[in-house]
DNA sequence: GATTATAATTTGTATATACATGTTTTGCAA
DNA sequence: TTGCAAAACATGTATATACAAATTATAATC
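The structure is reproduced here in structure tokens:
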């Protein structure tokens, strides 16, 4: 938190979440925010753009920044939120089981991550238990040259926290695909399928800020427990 | 297309799609683009931010704007693209069947659209046929006070085109939810389910630029033909 | 009181400057 | 030739100004 406009963004998000500004109402005008935060209008506008992009406000010319009702669409699987961040926000009891943590050589994954075919990759297989049921199976492949050390403990708590805060890698964006597929033997083994014969599969390619692909993830969800919530702005063609 | 930076954005998108700039390479520097488009750096930066948000480039400090490989993640169900826009981009043969086009009063939908309970709503039920199979069932509710006139022909071609281009309404953003649900009698009636007993349901609340909710859509997809592709940037917590 | 015209407010766009920070290139020195 | 330091280059942040466009508040007029 060193940039002024990012700080202002976080402050305003906090204020909205505290209910300081109610949905349907408006934020103070840009001019007022300038005075309050003792900064220029452009800096305020950068902060407001972040709020707009993340679905907190809608700017209406002549009126102001209208606060949106974000309650109805919490639980964003979107935006690269990790399982731990999710569970904590939901406040549900959750547990992670680590089934595999090995170094492998998978040519196919290497090709998709754009690294030499002989490269070592961490393979992490974890199941996620919520409310006593194992409903998510996560299979991760990470480039070992970027994440050199990995322990079962890290895999059990939070990969993302370790990668971002301990290793200082800059996770920046991801390409993501959601499809429905028949269950595999692996699903049967590690999940409480409850009779379901299909799972929701989320495949993600995760990139760093310097555009190097470093992770491939396959997240397999039991369909009755799956929900994806998104906020999308229309891009004019 | 009147704004300079939006025009520049579209021009650069077109250039990238034409292959003028290849994935992995960089765009001309901001300074160069200023000269080329005869404009200021801030204007160029606004255009580049649009490219970045939509997954065309990744800006790397000190290096430049690296062009990303968007081929791998076309077909964005995300971003409020309409069925017609989608089908055209895919180049597949498609067909729309209009099963219902009526004015109704649905208290539940009214409440969610934040309009008076007695309001008239257009109810549109359409099935989408691709490659000879009816695989998508779309149920739309639209506020009649905003879309006063609606014909079967419009419903068959493109609602969005009519709403945006004919009526001049400014479709701005949507809250979206994806879940898996058991098939209903309606699904059985209007879709070629091919033995599937579950469908992928996308529920969307669509809003105008002035934050008025005006449409509720439920899009029901046969699971084997469903795919959702997304580009997501990580929002630092 | 109701309508209309005007002014004030608010966001949108375009431009300019200064400095910070990270990357690449260049040139000098060992 | 190699290695290192300096310069050049690229993007990031912060600030300032001017004007456009949409909305809202105010004043004036009938």
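Protein chains in written order, with this note's numbering: chain A, 6 to 242; chain B, 6 to 242.
Positions of the beta carbon are idealized from the N, C-alpha and C atoms, including for glycine.
- Neighbours of residue 179 of chain A in chain B, taken as residues whose beta carbon is under 9 Å from its own, are 235, 236, 237, 238 and 239 in chain order.
- Just so you know, the alpha carbons of residue 158 of chain A and residue 143 of chain A end up roughly 16 Å apart.
- Secondary structure note for residue 222 of chain A: its beta strand (DSSP E) is the uninterrupted segment 218-226.
- For residue 37 of chain A, the secondary structure class from DSSP, reduced to helix, strand or coil, is helix.
- Non-local beta-carbon contacts of residue 198 of chain A in its own chain, meaning distances under 7 Å to residues more than five positions away in sequence, involve 188, 192 and 227 in chain order.
- Spanning the alpha carbons of residue 120 of chain A and residue 41 of chain B requires a straight line of approximately 35 Å.
- By the Cβ criterion, the segment 223-238 of chain A is not in contact with the segment 152-167 of chain A, since fewer than three pairs of Cβ atoms, one from each stretch, lie closer than 8 Å.
- In the DSSP assignment, the residues bridged to residue 210 of chain B are B:180 and B:221.
- Just measuring C-alpha positions, the residue of A:28, A:50 and A:27 sitting nearest residue 37 of chain A is A:50.
- Its Cα nearest to that of residue 176 of chain A, the residue A:214 stands out among A:128, A:73 and A:214.
- Taking 8 Å as the threshold, the shortest C-beta distance from residue 231 of chain A to chain B falls below it.
- Exclusion of the five residues before and after residue 138 of chain B leaves 197 as the residues of its chain whose Cβ lies within less than 6 Å of its Cβ.
- At a cut-off of 8 Å between C-beta atoms, residue 189 of chain B does not count as an interface residue with respect to chain A.
- Contact between residue 70 of chain B and residue 53 of chain B holds, since their C-beta atoms are separated by about 6 Å, short of 8 Å.
- Annotation for residue 102 of chain A: the continuous beta strand (DSSP E) segment containing it runs 99-109.
- Put simply, the backbone Cα of residue 102 of chain A is about 13 Å away from that of residue 194 of chain A.
- Its Cα nearest to that of residue 32 of chain B, the residue B:62 stands out among B:174, B:62, B:166 and B:178.
- For the 8 Å CB-CB criterion, residue 126 of chain B and residue 160 of chain B do not form a contact.
- Spatial neighbours of residue 208 of chain A in its own chain (CB-CB distance under 6 Å, excluding positions within 5 residues in sequence) are listed in chain order as 182 and 223.
- A Cβ-Cβ separation of about 6 Å places residue 205 of chain A in contact with residue 185 of chain B under the 8 Å criterion.
- Interface criterion met: the Cβ of residue 59 of chain A is under 8 Å from a Cβ in chain B.
- When A:211, A:73, A:117 and A:218 are compared, the shortest CA-CA separation from residue 239 of chain B is found for A:211.
- According to the DSSP secondary-structure assignment, residue 187 of chain A is paired through a beta bridge with A:203.
- For residue 57 of chain A, the enclosing alpha helix (DSSP H) starts and ends at 46-58.
- For residue 203 of chain B, the closest Cβ of chain A is nearer than 8 Å.
- Taking CB atoms only, residue 173 of chain A has no neighbour in chain B less than 8 Å away.
- Per DSSP, the continuous beta strand (DSSP E) segment holding residue 69 of chain A begins and ends at 69-72.
- Going by beta carbons, residue 219 of chain A and residue 164 of chain A fall outside the 8 Å limit.
- Not one beta carbon of chain A lies nearer than 8 Å to the beta carbon of residue 200 of chain B.
- Residues of the same chain with a CB within less than 7 Å of the CB of residue 167 of chain B, apart from the 5 flanking positions on each side, are 159 in chain order.
- At a cut-off of 8 Å between C-beta atoms, residue 215 of chain B counts as an interface residue with respect to chain A.
- Per DSSP, residue 164 of chain B has no beta bridge partner at all.
- The beta-carbon separation of residue 9 of chain B and residue 44 of chain B, rounded to 6 Å, stays under the 8 Å limit for a contact.
- Out of A:203, A:178 and A:200, the CA that lies nearest to the CA of residue 221 of chain A is found in A:178.
- In this structure, DSSP gives residue 143 of chain B an extended state, which the three-state scheme calls strand.
- For residue 63 of chain A, the chain B residues whose Cβ falls inside 9 Å of its Cβ are 177, 178, 212, 214, 215 and 216, in order along the chain.
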